[in-house]
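Following my numbering, the numbering of the sequence shown begins with 2 at its first residue and continues without gaps. What follows is one structure encoded as C-alpha cells, with my remarks underneath.
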Amino acid sequence: MPLWVTRLLRILGLLALLVAYGTLAFHLTEGVSLYDSLYWTVTVLSTVGFGDITPTTAVGKAVFMSLAVGGITLFGYAVTQLGSLFLETELDKVLRRTLLGGSERKMRDHVVILGWNAETSVAYEELRVNKIPTVVVVEEEQTARRLSRRNISAVIGDPRRERTLQEARLNDARGLLVALEDDTRSL
C-alpha cells in the first residue's frame, strides 16, 4: 500500500475515532439521541458553537471541554495533515515528471529500458559509453530516485500502461529493452 494511502487512512481513522468518542460520550452522559450527539460533536469540532441545545450535566460539560480543547486540536492536526498530504501528492507528481525524468520530455532517438536489474545496468552503461540517450521505466519510486542520483533519466509507472510509455516517449525512441522481473508481464 502506498505511503500516502496509509497516511490518509490514519488521518481518517483519527477523525472517525474523535467523532465516535464525542457522539458516544454525549449520548451516554446527556441522554440525547445519537443524532443529537453527533450534531453536538460536529458543532464543537467545527467551532460553530451552540445556540439551540447544550450539555446540561457536569459530565456532559466535561465531554464538551475535552472535545473543545483536545478535539479541536486533533481536528486541526488532521485537517492540516490532509492538506499536507494533498500538496505532497501533487508536488510528488510534478517532481516525478520533472526531476526524475525531466530530460526525457525532449528526447528523440533514444532507447527506453523497461525495468532495472544487473543486466539492464550493464546495457545502460554500454549505451551511455556510446552516447545514446536512455530513459529507464521503473515501478518503484525508490529505484527511480537511485537512478536519478546517478543522473539516469527515469520514469515511474507501470510499464504496461500506455501513459507510462508516453512519458518515456516510446514513440520517439529508436529502441526498446524489456527486462521486467516477471516474464509474463514482458509479453
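Each residue gets a CB set at the ideal place from its N, CA and C atoms; glycine is no exception. Please read these numbers as outputs of a predicted model, since none were measured by experiment.
Beta-carbon spacing of residue i, residue j below 8 angstroms
i, j, result
"Val130", "Ile114", "no"
"Ser149", "Thr135", "no"
"Ala180", "Thr121", "yes"
"Leu128", "Ala79", "no"
"Pro56", "Val64", "yes"
"Gly23", "Val45", "yes"
"Gly116", "Glu182", "yes"
"Ala124", "Leu178", "yes"
CA-to-CA distance, residue j to residue i, given in whole angstroms
i, j, result
"Ser38", "Phe87", "31 angstroms"
"Pro172", "Met108", "Per the sequence shown, the amino acid found at residue 172 is Asn instead of Pro. Distance between the alpha carbons of Asn172 and Met108 is about 10 angstroms."
"Leu35", "Ile54", "14 angstroms"
"Arg52", "Lys62", "Contrary to the premise, residue 52 reads as Gly rather than Arg in this sequence. Between Gly52 and Lys62, the C-alpha separation is close to 15 angstroms."
"Ala69", "Arg8", "24 angstroms"
"Arg170", "Glu163", "10 angstroms"
"Leu4", "Gln82", "13 angstroms"
"Val33", "Val60", "13 angstroms"
Nearest-angstrom beta carbon gap, residue j and residue i [assumed within contact, 8 angstroms]
i, j, result
"Leu19", "Gly72", "6 angstroms"
"Ile157", "Ala145", "5 angstroms"
"Thr30", "Thr58", "6 angstroms"
"Asp159", "Glu140", "6 angstroms"
"Val112", "Gly176", "4 angstroms"
Residue i CB to nearest heavy atom of the ligand SAH below 7 angstroms
i, result
"Thr58", "Ligands displayed in this structure: none; no statement on the ligand SAH is therefore possible."
As assigned by DSSP and simplified to three states, the class of residue i
i, result
"Val130", "helix"
"Ile114", "strand"
"Val80", "helix"
"Thr135", "strand"
"Lys62", "helix"
"Arg8", "helix"
"Thr30", "helix"
"Gly71", "helix"
"Val49", "coil"
Fill in: 4 or more residues per run - each alpha helix (DSSP H) lying fully within the stretch 141-184
142-150, 163-168
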